[in-house]
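**Q**
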Amino acid sequence: MTTPLASPEEIKANAEASLAEIPHPSLPKGSNLYGSTKIFPDYQAGEGESYLTLVHGIAHESSVSFVACLQALRALRKGYDSVLYFYGPAAMNAMATRGFPTTGDSAFPGEQNINSQIEKFIEEGGTVYVCRFGLSLHGLREEDLIAGCIPCHPLDVQDALIHYARKGAIINSTYNL
């Protein structure tokens, strides 16, 4: 024997009871949920300091790539010679052809976030490298890169890391599994 179907009135009464159990919203908009004490000073770059961000994360599969772009831009604004290096599957982050139904359109809110951050980073003086092998893994064309992105040989990933390490750069390596 099956449970009888609940009436619309019973469903409505249960929904009202559920809503009454805990006040909604529990805090008004604008309420602080967390403290604001910053532990470390707002460090700024010294003369000639560099910041290299290696990105190995797939666009829109996690926040890794987007947050890496935000961190690289923040480092740039702090005065660092800031570089973003997309390699492996991360190369797809630098595609100017993203969008639906046409390039530049957003099929969902935020679809162009990564593109916008990369464009802003370049406009403000950052350098963006993109591994050609990473592009080839996904059938992506070099000519479809966001304007200002510099395509690189696959062997450049390691040598860029060596170059920036020898310069004493801060190296932020992000990886998406």
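Numbering (the working numbering), first residue to last: 158 to 334. C-beta atoms are modelled at their ideal positions from N, C-alpha and C, and glycine is treated no differently. Just so we're clear, the structure is a prediction, and the values are computed from it rather than from any experiment.
My output table needs one value for C226: the three-state DSSP class, helix, strand or coil.
**A** As a position in the sequence shown, residue 226 is number 69, starting the count at 1. DSSP places C226 in helix when its eight states are reduced to three.
**Q** Using the three-state DSSP reduction, which class does D199 fall into: helix, strand or coil?
**A** Position 42 of the sequence shown, counted from the first residue, corresponds to residue 199. In the structure shown, D199 sits in coil (DSSP, three-state: anything other than H, G, I, E or B).
**Q** Could you give the residue range of the alpha helix (DSSP H) that holds D316?
**A** Residue numbering aside, residue 316 sits at position 159 when the sequence shown is read from its first letter. Looking at the DSSP string, the run of the alpha helix (DSSP H) that includes D316 is D313 to R323.
**Q** Between the segment 300-307 and the segment 176-192, do at least 3 Cβ pairs fall closer than 8 angstroms?
**A** Judged by Cβ distances under 8 angstroms, the segment 300-307 makes no contact with the segment 176-192, as fewer than three pairs qualify.
**Q** Compare the Cα-Cα distances from Q201 to each of I327, T331 and N333 and report the closest residue.
**A** Position 44 of the sequence shown holds residue 201. Cα-wise, what sits closest to Q201 is I327.
**Q** For N333, which of G245, S193, S175 and P161 has the nearest alpha-carbon?
**A** Sequence index remark: in the sequence shown, residue 333 carries index 176 (1-based). Ranking the options by Cα distance to N333, first place goes to G245.
**Q** Taking the alpha helix (DSSP H) that I271 belongs to, which residues open and close that run?
**A** By 1-based counting over the sequence shown, the position of residue 271 is 114. Note, I271: alpha helix (DSSP H), N270 to E280.
**Q** In this structure, what does DSSP give as the bridge partners for F243?
**A** Working through the sequence shown from its first residue, we reach residue 243 at position 86. DSSP output for F243 lists V212 and V287 as bridge partner(s).
**Q** Anyone know if the C-beta pair for E268 and R255 falls short of 9 angstroms?
**A** As a first step, residue 268 is located in the sequence shown; it is residue number 111 there, counting from the start. As a first step, residue 255 is located in the sequence shown; it is residue number 98 there, counting from the start. For E268 and R255, yes; Cβs fall inside 9 angstroms.
**Q** Alpha carbons only, please: which of L294, A317 and L230 is nearest the one belonging to I279?
**A** In the sequence shown, residue 279 corresponds to position 122, counting from 1. When each option's Cα is compared against that of I279, the closest is L230.
**Q** Please name the residue or residues paired with Y332 in a DSSP beta bridge.
**A** On the sequence shown, position 175 is the one that residue 332 refers to. Note: Y332 sits in a beta bridge opposite H213.
**Q** Please check the pair N339 and A216, which I expect to be a contact at CB under 8 angstroms, by giving their CB distance rounded to whole angstroms.
**A** Nothing about residue 339 can be reported from this structure: the residues present for the chain run from 158 to 334 only.
**Q** Give me whichever residues DSSP pairs with L302 in a beta bridge.
**A** The residue given as residue 302 occupies position 145 in the sequence shown. Bridge partners of L302: M252.
**Q** State the DSSP-derived secondary structure class of S207, mapped to helix, strand or coil.
**A** The residue labelled residue 207 in the question sits at position 50 within the sequence shown. Of the three classes helix, strand and coil, the one that applies to S207 here is strand, per DSSP.
**Q** Residues in its own chain within less than 6 angstroms of A264 by CB, not counting five upstream and five downstream?
**A** Walking along the sequence shown from the start, residue 264 turns up at place 107. So the qualifying residues of the chain are F257.
**Q** Tell me whether the segment 312-324 and the segment 295-302 touch, counting them as touching only if at least three CB pairs, one residue from each stretch, are closer than 8 angstroms.
**A** As far as the Cβ criterion goes, the segment 312-324 does not touch the segment 295-302, which means the pair count is below three.
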